[in-house]
Structure formats: C-alpha cells, structure tokens
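Okay, so here's the structure we're looking at.
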Amino acid sequence: GIRSLLKLSERVSVVAEGMDGSDAVGIAEESAPDLFLMDIRMPRMNGIEAIAALQKAGFATPVIILTTFDDHELVLKGIRAGAMGYLLKDVSLENLITAIESVHRGETIVQPAITETLMRGLHGQSADFDSLPMPQQLTNKETEVLRLIAGGYSNREISAALSKSEGTIKNHVSNILSKLGVRDRTRAVLRAIEIGLI
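All the letters of the sequence shown, read from the start, carry residue numbers 606 to 803 under this note's numbering.
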C-alpha cells in the first residue's frame with residue numbers, strides 16, 4: 606500500500622497508521638504527525654468526518670486526501686472540511702512526496718486531474734453562482750499564476766516556469782488570495798472556477 610511506497614523515500618517517514626478515520630485523533634495525540642494522508646472513504650468514519658474530528662479536538666494537522674474517487678462533490682466536501690491536498694491514488698511516488706513537502710510548507714495541492722473534475726462539476730452548476738459578487742480584478746500575471754496553481758504547480762515550480770523568484774510568486778499568491786477573498790490556494794481555484802476566471 607501507500608505505507609510501503611513511502612518507505613521507498615528517505616524524504617518522509619511514516620510514524621503511525623490507522624485502520625480508519627476514527628483512529629485519527631488518537632494518532633494525533635500519540636504520534637504528533639506533521640500531516641495526515643487519508644482516504645476519503647473508510648469504514649466507521651470517513652476522511653471528511655475525520656478532518657472534522659481532528660479540528661474539534663483542537664488539532665490543526667494538515668490533511669492530504671488520497672483517494673481513487675474524483676467525484677467533484679466529494680472533492681468539494683473534502684476541501685470545505687479543510688483538506689490541504691487532494692490526490693488520486695495513482696499519483697507517482699515523486700509527485701506524492703512533492704505534495705507532502707508542499708503541504709508541510711503550508712501550501713495546498715490539488716492534482717490536475719481533480720481540478721479538471723472540479724471544473725466540469727462547477728461549470729455544470731454555474732447558475733448557482735450568479736449571485737456571487739465579483740472580486741477585484743487580477744492582473745495578467747496574477748491570472749497566469751492562478752492558472753498554474755489550478756494545474757497543481759507548487760510555488761517553486763511556478764517560480765521556475767515564469768522565471769521569477771519564489772518570493773515574487775508568494776507575493777502574487779498573497780494578492781490573489783486577498784482579491785478573491787479566500788484563505789488558501791485550493792479555495793482560490795474554486796472561487797476562480799465559480800466566477801469563470803479559469
């Protein structure tokens with residue numbers, strides 16, 4: 606499984622493993638992991654309920670949802686619950702490790718295939734968003750950065766792609782979040798899709 610895959614990398618270490626979401630709070634108390642990798646569908650308590658249980662118990666440990674399901678409703682529920690990353694289980698080891706490192710740095714990661722699912726689902730519901738106020742207009746560079754975020758790129762990768770410093774990209778991301786009125790990159794992508802920016 607995922608644990609044996611992660612053992613192939615020296616960049617991460619697995620400190621605990623649970624049978625389902627109901628083990629999350631106990632693991633947080635006993636092992637204090639830097640982050641959780643969690644399936645969205647598990648027996649007894651699913652990933653979304655586990656995120657809520659962690660938050661209720663006072664833990665702010667970031668969660669990456671790792672799943673075989675790319676249903677946009679489930680993705681939205683996971684993101685709204687507070688997941689910081691969303692990856693399909695067929696993700697490569699290198700991309701998984703990169704995502705773990707990005708989330709550990711405070712970034713949010715959504716795999717491009719999932720972003721496409723979200724876009725298809727949300728474009729189908731566009732009538733629901735007619736009443737949303739339009740945010741401040743993004744600059745061309747901010748829009749370009751936002752599209753790369755939607756593509757699942759980290760700040761470092763965006764920095765390399767645009768030949769700009771990582772600090773400059775962080776400033777762009779900060780401006781994007783502020784203008785869209787959201788608190789993280791994942792919600793920025795959702796908001797941009799909702800209002801037709803991307």
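The C-beta atom is built at its ideal place from N, Cα and C for all residues, glycine as well. In this text the structure is predicted, and so the values were computed from the model without any measurement.
When the distance is taken between beta carbons, is residue j closer than 8 Å to residue i?
i	j	result
S614	T703	no
A621	S636	yes
A797	L751	yes
L802	T748	yes
L753	I781	no
For residue i, which of helix, strand or coil comes out of DSSP?
i	result
L547	With the chain covering 606 to 803 only, the question about residue 547 has no answer from this structure.
I800	coil
I714	strand
V630	helix
V778	helix
L610	helix
L693	strand
G743	Looking at the sequence itself, residue 743 is Leu, so the reference to Gly does not match. Looking at L743 - three-state DSSP - the assignment turns out to be coil, as it is neither helix nor strand.
I645	coil
V620	coil
T703	helix
T720	helix
T773	helix
T604	No answer is possible for residue 604: it lies beyond the span of the chain, which begins at 606 and ends at 803.
So residue i packs on residue j, CB below 8 Å; how close in whole Å?
i	j	result
G804	G652	A query on residue 804 cannot be resolved here, the shown segment of the chain reaching from 606 to 803 and no further.
V630	A662	5 Å
T581	A755	With the chain running from 606 to 803 in the structure shown, residue 581 is simply not present.
E654	G623	About 13 Å separates the two Cβ atoms, so there is no contact after all.
S783	I774	About 15 Å; that fails the 8 Å criterion.
V778	R788	Rounded, the Cβ-Cβ distance is 12 Å, inconsistent with contact.
For residue i, I'd like the list of residues in its chain whose CB is within less than 6 Å of its CB, leaving aside the five on either flank, ordered along the chain.
i	result
G687	I656
I632	A621 and G623
L679	I645
Looking only at its chain, what residues have a beta carbon closer than 7 Å to the beta carbon of residue i, apart from the 5 residues adjacent to it on each side?
i	result
D644	G652, L671 and T672
L611	V617 and V619
P667	L640, M689 and V708
L701	L692
Q716	Y691, L692, L693, V696 and G757
M647	D625 and G626
A793	L751, I754, I781, L782, L785 and V787
Got a sec? Which residues, its chain only, sit under 8 Å from residue i by beta carbon, not counting five neighbours each side?
i	result
S770	S764
I669	L640, F641, L642, M643, A688, M689, G690, Y691, L692, A704, I705, V708 and I714
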